[in-house]
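Under full-length UniProt numbering, read the sequence shown as residues 1 to 110, first letter to last. One structure is given below, encoded as structure tokens.
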Amino acid sequence: MLGAAAVIAVLKDEGFDTEFASSGHDAVNFARRWVPEIILLDINMPELDGFQTAGILRSLLTTSAAAIVAYTSEDETTIHDRGVSAGFDAYCQKGTSPEALIFLITSLMR
Numbered sequence: 001m002l003g004a005a006a007v008i009a010v011l012k013d014e015g016f017d018t019e020f021a022s023s024g025h026d027a028v029n030f031a032r033r034w035v036p037e038i039i040l041l042d043i044n045m046p047e048l049d050g051f052q053t054a055g056i057l058r059s060l061l062t063t064s065a066a067a068i069v070a071y072t073s074e075d076e077t078t079i080h081d082r083g084v085s086a087g088f089d090a091y092c093q094k095g096t097s098p099e100a101l102i103f104l105i106t107s108l109m110r
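Okay, structure coming up:
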């Protein structure tokens with residue numbers, strides 16, 4: 001399973017500019033001053049969960065057009081409806097291969 005540090009390392013190795021937020025509140029505050037193209041959100045984060053965070057990020061000018069990916073150990077069928085309502089564009093199961101993660105992210109780039 002790729003944890004946060006491993007995901008960051010994989011993305012940086014592929015040339016992506018990455019930043020890390022340790023909670024939903026941190027992600028929202030960070031996104032107000034940095035304009036990401038893709039946002040990878042864990043569903044189970046402290047303070048605000050991924051669904052709440054995605055909803056807020058969708059409402060911000062800096063992140064309203066960003067692709068938001070649910071990165072979680074939960075099954076997609078379990079979170080699909082809430083994920084669509086919250087504004088997720090894609091889903092990535094924790095434990096996916098680095099190659100599959102890179103493929104997903106590059107396919108979402110605009």
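Beta carbons are placed, not taken as given, at the ideal position from N, Cα and C, and that holds for glycine.
- Rounded to the nearest whole angstrom, the C-alpha separation of F88 and L41 is 9 Å.
- Secondary structure of D42 (DSSP, three-state): strand.
- Residue pairing by DSSP leaves T18 without any beta bridge partner.
- Taking all protein chains shown into account, F51 has 16 or more neighbouring C-beta atoms within 10 Å of its C-beta and is therefore buried.
- Ranking L108, T106, I68, P98 by CA distance to the CA of G3 puts P98 first.
- In the structure shown, T72 adopts extended strand secondary structure according to DSSP, grouped into three states.
- The beta carbon of Y91 lies closer than 6 Å to those of A70, E76 in the same chain, with the five residues before and after it left out.
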